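*Asks:*
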Amino acid sequence: MRFILILICLLNFSAFSQMELEWSFFHPIKKEWIELGTKGSVQEALIASGELPDPFYGTNEEKFGWIEEHEWIFKSIFFLESDISEEFAELVFPSIDTYARIYLNDSLVLITDNALIPHSVQVKENLRVGMNELEIIFTPPVMYHKDKKKVIGYELPAPNDVHDNAIAPYTRKPQYQFGWDWALRMNTIGLNKVVELLRYDKARLIGKLMNVIELSEEKAVLDFTFTFNQDINDSITCLSSIFGAEPLKLVNGVVTRRIVVDSPKLWWPRGQGEQDLYKDELQIITEGGDYWIFPMTFGIKTSELIQETDEWGTSYYFKINGRRIFAKGADYIPQEIFPAQVTDSAVEAMVETMAESNFNMVRVWGGGYYPDEVFFNKCDELGIMVWEDLMFACAMYPGDSVFLENVSREFEYQVPRIAAHPSVVLFNGNNEVEVAWGNWGFQVKYGLYGQSARDIEQAYDDIFKKIAPNIINKYTSIPYVHTSPLSNWGKMDLYNHGSQHYWGVWHGKDPLEDFGKKIGRFNAEYGFQSFPEYQTLSSFSEPADWDLKSAVMKHHQKSYVGNDMILKHARRLYGEPENFEEFVYFSQLTQAMAVSMAVAGHRLDAPRCGGTLYWQLNDCWPAPTWSSIDYFGNWKALQYQMKKDFQDVSIVAKYNSLTEREFFLVSDAPDTLVYDVVCTIHDLKGEVLGTRDFSTTLKGESSFQLDVSDILSEPLEDLNVLIVFKFKDNNGEHSYRQFENIGKKYKKAKCTDVTLEITQIDEEKRTAVIEINADKFMRNVWISSNVSGVKFKTNFEHFLPGNHYIEIQFEEIPKKEDFKLMWL
Ligand code: BMA
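Heads up, the sequence shown is in my numbering, so the first residue is -3 and it goes up one at a time.
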């Protein structure tokens, strides 16, 4: 048992100590105790003990269902040498999953019902000198809600919950763990975070929030609010290392200090300015002599969501610090199916990837959990705007008083914590709850008419139109919208109003090129699936499974639409894949093309369009999904494509049809600048057939057509050429974009035409350069590695004959045999 004692010398010498508890749990069938460690779930412990296999491999997921049919008893035994001399002894459960009764030395001390918030209880009276026994009895959600229908008389729609007893919406637990169209079902039971026994003499500071009340160039009016876990009422001095001292009153454990900052430094999204963060050190001293000292980092910005009637319909765009900003990014889902396994460094790496890929926004999607501080801190630092969903998705939710009180507690905890971060620009009530009720046929499927329908609508209004906005407005000026999308896909006029999740290609029958044509006022979701690379496929399958019809591939495809949709569109673009390997490659190219078409359409549609967030950035297990980065962090073709398409100043291709496209220089940079673009058209041997120079002045969110149609005397459509654009972006950096134009008589280069060498290995920096020599033109060259930890700076580029260099980063010194090339 780890025991950490931190003594802090304060005015009145109060102590603070933390003890991390270790657990074991009782196996209800084997009737034995199993070690858990300090955190984790029953499922993870049974994998670690060898009783259960890797749940991602093959169809192993099916071996985990029985766990939900038993109650699980956890036990922690800890020793206290002497009486507790401190004033308080508190047990803190930062994320207990989910329905639990907690007994300390045989007394029931706490009952929990929400894995999305911390729970804590004062236990000084229940502790004793010597051995102490803490016991938790977990009831799995399916058992806890076995009588759900009896309770309210009808069933709440929960189409993603794959259990016969679908109860996801009744349970305040990450909804994706009940099954999703990109996730296995893994209904964890246990402790997502470490449980601690805290001992201390004075109240604990449990909340620090800064809210921007007013902002202009001359001044910012800010309210700082500090919250303690005890109802203290006292006169205090609040001393800030930036703003000096002020006498104030602490009322019921809460104090607010108003500060006026002259000529404030602002926090801007990346690409728009600096991410200025103030680093303050605060001290609060009560008249009674209690004393707290703590750091506080904050950033000053305002955010507005502009929803106005205009010439097209109803707008939906963000203004940060009064400036309109076009949002670019993706939807973020939990990084692991087991929340306890997400590490801070993995979260930071994910946010760094967003910045590297030129995102300026991420949407935290509502079927997961509220991210930890590390996520928001990194977004603050790197200038990634956060659109934060409240955790509700694709189901109808209960409206009884127990549930409403539960979600109120959840918002009361999460909203001020999250709102304290300058990167957060929007709270959104839920993912697709309203659109589901209106369009997914729930009424017929679940027989919801009359009173039951009215109850469901009332619950919706109570949660998303009353409780959530009231709590959000109480703490922050960050805007709130009750749902996303506000408008469904379908009829053309629907694209003129508010936020949009465009699923017409995947869930409908629209052709791929509609991605660039059906454009909402703000595109918060749209996407296309692909398969992850071979190394990832090998982690859960054998070569014998590499067939779309194999049990393993079918098992990993969780979307009802299925693998045939990928094949259908891939075939249309690239022809019949010769083998599974080629299918995987085509799937990634098709996905990159689909989303790229959409992004070009969206960027060129500004100011009608206010932003573009594709579905989905990442994965929580290895499988074919809509992600652009696979479970192991490998970039798919889409991620490389987005890095280019999202550059603040970029060249994008607008597809009028699959064969007809136009090129545009597009800018989101705030400054007005002159751009010079050189276009060169090469034949596939590399000879220059023609060039043209373009020059234009662009001012934020504007574009300029680069008409290349008459550079050559023949129509481009009939030629096999490579079109290359070179330009300097708004930061003066050299950029280039290349687009192949392949007509009919095209012959793919043979393997004998290509060589690969590894050069410039730098063992210290862990970098190298891969040199590829091609005798013939190679289209969409995909280089992948069969050892993990290799990162390619560029990928899926077109190569004219000659030498090409790809910078890589590695973990282990790479060998040439580790790499594999595919091309068209
Ligand atoms: C939207 C998302 C997710 C889903 C995705 C793909 O509905 O909000 O629920 O995974 O589409 O179907």
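Glycine included, each C-beta is placed from N, C-alpha and C at the ideal position. In this text the structure is predicted, and so the values were computed from the model without any measurement.
1. By how many angstroms is the C-alpha of Cys675 removed from the C-alpha of Val684?
2. Any idea if Ser653 is buried or exposed, counting beta-carbon neighbours within 10 angstroms, 16 or more meaning buried?
3. Taking the alpha helix (DSSP H) that Met15 belongs to, which residues open and close that run?
4. Less than 9 Å separating the beta-carbons of Met387 and Leu112?
5. What number of angstroms, rounded off, separates the C-alpha of Val536 from the C-alpha of Ala336?
6. With a threshold of 8 Å, establish whether the CB of Asn559 neighbours any heavy atom of the ligand BMA.
7. Is Ala389 near the ligand BMA, with its Cβ less than 8 Å from a heavy atom?
8. In its own chain, which residues sit with a C-beta less than 7 Å from the C-beta of Asn56, not counting the 5 before and 5 after it?
9. Output the distance between the C-alpha atoms of Pro465 and Asp306, rounded to the nearest integer angstrom.
10. Checking the sheet assignment: what are the DSSP bridge partners for Thr223?
11. Tell me whether Gln612, by its Cβ, gets closer than 8 Å to a heavy atom of the ligand ADP.
12. Just reading off the beta strand (DSSP E) that Asn875 is part of, what are its end residues?
13. Considering only heavy atoms of the ligand BMA, does any lie closer than 8 Å to the CB of Asp626?
14. Output the distance between the C-alpha atoms of Asp230 and Glu760, rounded to the nearest integer angstrom.
15. Give the straight-line distance between the Cα atoms of Leu351 and Met357, rounded to the nearest whole angstrom.
16. Tell me which same chain residues have a C-beta within less than 7 Å of the C-beta of Asp109, skipping the five on either side of it?
17. From the DSSP output, in three-state form, read off Lys639 for me.
18. Tell me whether His503, by its Cβ, gets closer than 8 Å to a heavy atom of the ligand BMA.
19. Starting from Arg319, follow the beta strand (DSSP E) in both directions and report where the run begins and ends.
20. Have a look at the DSSP bridge pairing and note the partners of Ile92.
21. Compare the Cα-Cα distances from Pro810 to each of Asn782, His417, Glu304 and report the closest residue.
22. Alpha carbons only, please: which of Ile452, Val440, Ser691 is nearest the one belonging to Phe399?
23. Please identify the residue among Tyr53, Leu100, Lys487 whose C-alpha is closest to the C-alpha of Ile133.
24. Taking just the CA atoms, how far does Gln14 sit from Leu3?
25. If I measure Cβ to Cβ from Arg(-2) and keep anything under 6 Å in the same chain, skipping five residues before and after, which residues do I get?
26. If I measure Cβ to Cβ from Ser822 and keep anything under 6 Å in the same chain, skipping five residues before and after, which residues do I get?
27. Nearest to Glu908 by alpha carbon, out of Glu428, Ala11, Gly606?
28. Evaluate contact between the region 439 to 446 and the region 141 to 157, counting only Cβ atoms and requiring at least three cross-stretch pairs below 8 Å.
29. Given that a residue counts as buried once 16 or more other Cβ atoms are within 10 Å of its Cβ, and exposed if not, what is Arg450?
30. For Lys816, I'd like the list of residues in its chain whose CB is within less than 6 Å of its CB, leaving aside the five on either flank, ordered along the chain.
31. If you measure between the beta carbons of Phe21 and Gly186, is that distance less than 9 Å?
32. How close, in whole Å, do the beta carbons of Ala11 and Gln171 come, if the pair is a contact with beta carbons under 8 Å?
33. Alpha carbon to alpha carbon, how far is Arg657 from Tyr651?
34. Restricting to Cα atoms, I'd like to know which of Ala416, His551, Arg200, Glu572 is closest to Ile280.
35. Report yes if the CB atom of Asp385 is closer than 9 Å to the CB atom of Ser419, and no otherwise.
36. Going by C-alpha to C-alpha distance, which of Lys772, Glu807, Asn776 sits closest to Asn799?
*Replies:* Result, derived from the coordinates:
1. Rounded to the nearest angstrom, the two C-alpha atoms are 11 Å apart.
2. exposed
3. Met15 -> not in any alpha helix (DSSP H); beta strand (DSSP E) instead, spanning 11 to 16.
4. yes
5. It should be pointed out that residue 536 corresponds to Phe in this sequence rather than to Val. Rounded to whole angstroms, Phe536 to Ala336 spans 21 Å at the Cα level.
6. no
7. yes
8. Pro49, Asp50
9. 25 Å
10. Gly203, Val250
11. For the ligand ADP, the structure offers nothing, since it holds only the ligand BMA.
12. In the structure as shown, the chain begins at -3 and stops at 820. Residue 875 is therefore absent and cannot be evaluated.
13. no
14. 57 Å
15. Looking at the sequence provided, one finds Ala at residue 351 rather than Leu. Looking at the two C-alpha atoms, the distance is approximately 9 Å.
16. Thr94, Tyr95, Arg168, Asn402
17. helix
18. yes
19. 319 to 321
20. Leu187
21. The residue with the shortest Cα to Cα distance from Pro810 is Asn782.
22. Ile452
23. Leu100
24. For Leu3, the predicted structure reports a pLDDT of 34, less than 50, and the residue's modelled location is therefore unreliable. The matter cannot be settled from this model.
25. Summary for Arg(-2): the model assigns pLDDT 45, below 50, so the residue's position carries little reliability, and this model does not support an answer.
26. Absent from the structure is residue 822, since the part of the chain shown begins at -3 and ends at 820.
27. For residue 908 there is no data in the structure shown, the boundaries of the chain being -3 and 820.
28. yes
29. exposed
30. Ser780
31. yes
32. Not quite, the Cβ-Cβ distance comes to about 41 Å (not below 8 Å), so this is no contact.
33. 4 Å
34. Arg200
35. no
36. For Asn799, the nearest C-alpha among the options comes from Lys772.
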